[in-house]
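Participant:
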Ligand code: CP3
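Residue numbers (our numbering): 15 to 369.
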């Protein structure tokens with residue numbers, strides 16, 4: 015087994031001592047990088063990029079070659095599961111994801127079955143193994159999945175949505191049918207993440223991107239419960255090391271105690287939450303990941319550094335902070351600003367540890 019040369023990301027997730035605060039970015043491989051746009055153009059479209067393990071590996075490593083990132087994240091998408099279930103995912107340029115066959119009725123949902131990642135998504139398993147091999151111990155590799163609720167919203171609406179009219183109607187009018195869908199998705203996510211872990215993912219993140227759109231009661235019943243179930247079903251240790259689970263609920267800042275009680279190792283915060291207040295709420299139960307507003311990356315170098323410093327101060331001293339953005343980096347960001355951000359996290363957290 016190849017030794018990890020930089021494990022501060024895994025150590026911080028387990029709230030162990032680190033030399034400097036580790037940092038990575040959601041969507042770190044993506045359209046803000048010209049080299050990504052080039053490979054994507056060669057691949058033809060986004061799904062062709064995801065389904066080709068060598069190309070997926072290439073774009074996963076691109077941001078690591080430019081920046082001192084402390085983790086790599088598998089290049090893929092949360093919508094691979096609905097695609098494997100036969101919904102036919104495609105991306106219209108500038109419009110986000112669409113589905114040939116959304117699920118709307120009881121009969122649509124009855125037809126769905128739990129995916130077998132080795133049979134239905136072999137390209138993801140292969141991409142993970144390829145990336146681990148090519149990383150050669152540089153930094154840990156993060157695997158990921160969407161939460162059942164977030165996946166369900168895309169499958170039902172058939173596209174990106176702001177208000178989730180059809181999904182919420184199902185929540186309130188046909189809760190049992192919604193639970194049936196979420197059950198199939200939760201079992202699929204468990205199988206999918208465990209396959210990623212066995213193939214070499216050293217930590218996993220569950221993206222509950224649309225959990226924050228629910229009321230508190232509906233969140234607990236239709237999203238949180240299933241994430242708890244997933245965490246219970248995951249392989250806890252691999253290659254002699256714990257496999258930490260990060261749970262990111264966009265808009266979940268009011269429910270941090272509930273999220274911390276799921277059994278996850280770290281809670282991902284969006285930028286609307288004060289990370290110091292979050293820390294007081296969850297205590298030493300979990301590590302925290304986040305949470306700079308991605309829009310700060312449009313500001314001046316000086317302003318970016320100030321924001322990094324401010325978040326480090328808000329978190330305070332002690333273990334358990336993974337620096338990240340509060341959501342994915344957007345395509346309009348200048349690559350040189352990302353370097354300023356990443357370097358500032360290491361530099362300013364080092365002077366804090368020593369000061
Ligand atoms: O973080 C990483 O670098 C890993 C790769 C990754 C992608 N999508 C690549 C991607 C990850 C972790 C995701 C997760 C994902 N996908 C989420 C959850 C994270 C979040 O943002 O909350 C969601 C909701 C999706 C669904 C999805 N995929 C949407 C809504 C879109 C369109 C968004 C847009 O900006 O157009 C995608 C496409 C997508 N996934 C792109 C990338 C790099 C852009 C596709 C392209 O190259 O055109």
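The C-beta atom is built at its ideal place from N, Cα and C for all residues, glycine as well. These figures come from a predicted structure and were not determined experimentally.
(1) Determine the extent of the alpha helix (DSSP H) in which residue 65 is found, giving its start and end residues.
(2) By how many angstroms is the C-alpha of residue 300 removed from the C-alpha of residue 28?
(3) Taking the alpha carbon of residue 165 as the point to measure from, which residue in 146, 117 and 149 has its own alpha carbon closest?
(4) Pick helix, strand or coil for residue 89, following the three-state DSSP scheme.
(5) Please classify residue 244: is it buried, with 16 or more other beta-carbons within 10 angstroms of its beta-carbon, or exposed?
(6) Is the CB-CB distance between residue 12 and residue 46 below 8 Å?
(7) Going by Cα to Cα distance, which pick from 124, 206 and 184 is closest to residue 161?
(8) At the level of alpha carbons, what is the spacing between residue 305 and residue 262?
(9) Below 7 Å, is the gap between the Cβ of residue 87 and the nearest heavy atom of the ligand CP3?
(10) Tell me whether residue 256 sits in a helix, a strand or coil according to DSSP, three-state version.
(11) Taking all protein chains shown into account, decide if residue 170 is buried (16 or more other Cβ within 10 angstroms of its Cβ) or exposed.
(12) Hey, how far is the Cα of residue 326 from the Cα of residue 102?
(13) Is the beta carbon of residue 355 sitting closer than 8 Å to the one on residue 311?
(14) Can you give me the C-alpha to C-alpha distance between residue 362 and residue 217, rounded to a whole angstrom?
(15) Are residue 153 and residue 83 touching if we call contact CB-CB under 8 Å?
(16) Does the ligand CP3 have a heavy atom nearer than 7 Å to the CB of residue 91?
(17) Would you report the Cα separation of residue 270 and residue 321, rounded to the nearest angstrom?
(18) Please state if the CB of residue 315 and the CB of residue 44 are separated by a distance shorter than 8 Å.
(19) The alpha helix (DSSP H) that contains residue 129, what's its start and end?
(20) Run through the segment 276-340 for me and flag every whole alpha helix (DSSP H) of 4 or more residues, listed as ranges in chain order.
(21) Can you give me the C-alpha to C-alpha distance between residue 211 and residue 249, rounded to a whole angstrom?
(22) Helix, strand or coil for residue 355 per DSSP?
(23) Please list the terminal residues of the continuous beta strand (DSSP E) segment that includes residue 106.
(24) Could you pull out every residue in the same chain whose Cβ sits closer than 8 Å to the Cβ of residue 137, ignoring the five residues on either side in sequence?
(25) Starting from residue 251, follow its DSSP beta bridges and name the residues at the other end.
(26) Using DSSP with H/G/I as helix, E/B as strand and the rest coil, what is residue 178?
(27) Here's the rule: buried if 16 or more other CB atoms are within 10 angstroms of the residue's CB, otherwise exposed. What is residue 3?
(28) Out of 85, 55 and 49, point me to the one whose CA is closest to residue 36's CA.
(29) Hey, out of 89, 173, 96 and 291, whose CA is closest to residue 54's CA?
(30) How big is the Cα-Cα spacing for residue 197 and residue 364?
Facilitator: In this structure, then:
(1) Looking at the DSSP string, residue 65 is not in any alpha helix (DSSP H), and its letter there is neither H nor E.
(2) Their Cα atoms are separated by approximately 8 Å.
(3) Scanning 146, 117 and 149 for the CA closest to the CA of residue 165 turns up 117.
(4) Here residue 89 sits in coil by DSSP.
(5) Classification for residue 244: buried.
(6) The first residue shown for the chain is 15 and the last is 369, placing residue 12 beyond what the model contains.
(7) Cα-wise, what sits closest to residue 161 is 206.
(8) So the alpha carbons of these two residues sit roughly 11 Å apart.
(9) At least one heavy atom of the ligand CP3 is nearer than 7 Å to the Cβ of residue 87, so yes.
(10) Residue 256: strand per DSSP, three-state reduction.
(11) The residue in question, residue 170, is buried, as its Cβ has 16 or more Cβ neighbours within 10 Å.
(12) Whole-angstrom Cα-Cα distance: 43 Å.
(13) The answer is yes: Cβ separation under 8 Å.
(14) C-alpha separation (whole angstroms): 25 Å.
(15) Yes, the pair counts as a contact, with Cβ atoms nearer than the cut-off.
(16) The answer is yes for residue 91.
(17) Approximately 23 Å, taken between the alpha carbons.
(18) No.
(19) DSSP places residue 129 outside any alpha helix (DSSP H), giving it a letter other than H or E.
(20) When DSSP assignments are scanned along the segment 276-340, the uninterrupted stretches of alpha helix (DSSP H) that are 4 or more residues long and fall wholly within it turn out to be 289-296 and 315-329.
(21) If you take the alpha carbons of residue 211 and residue 249, they lie about 7 Å apart.
(22) Three-state result, residue 355: helix.
(23) Counting along the chain, the beta strand (DSSP E) containing residue 106 begins and ends at 103-106.
(24) Taken in chain order, the residues that qualify are 64, 65, 66, 67 and 70.
(25) Residue 251 pairs with 256.
(26) Of the three classes helix, strand and coil, the one that applies to residue 178 here is coil, per DSSP.
(27) Summary: the structure shown does not reach residue 3, with the chain confined to residues 15 through 369, and so no result is reported for it.
(28) Sorting 85, 55 and 49 by C-alpha distance to the C-alpha of residue 36 places 85 at the top.
(29) Of the candidates 89, 173, 96 and 291, the residue whose Cα lies closest to the Cα of residue 54 is 89.
(30) Their Cα atoms are separated by approximately 45 Å.
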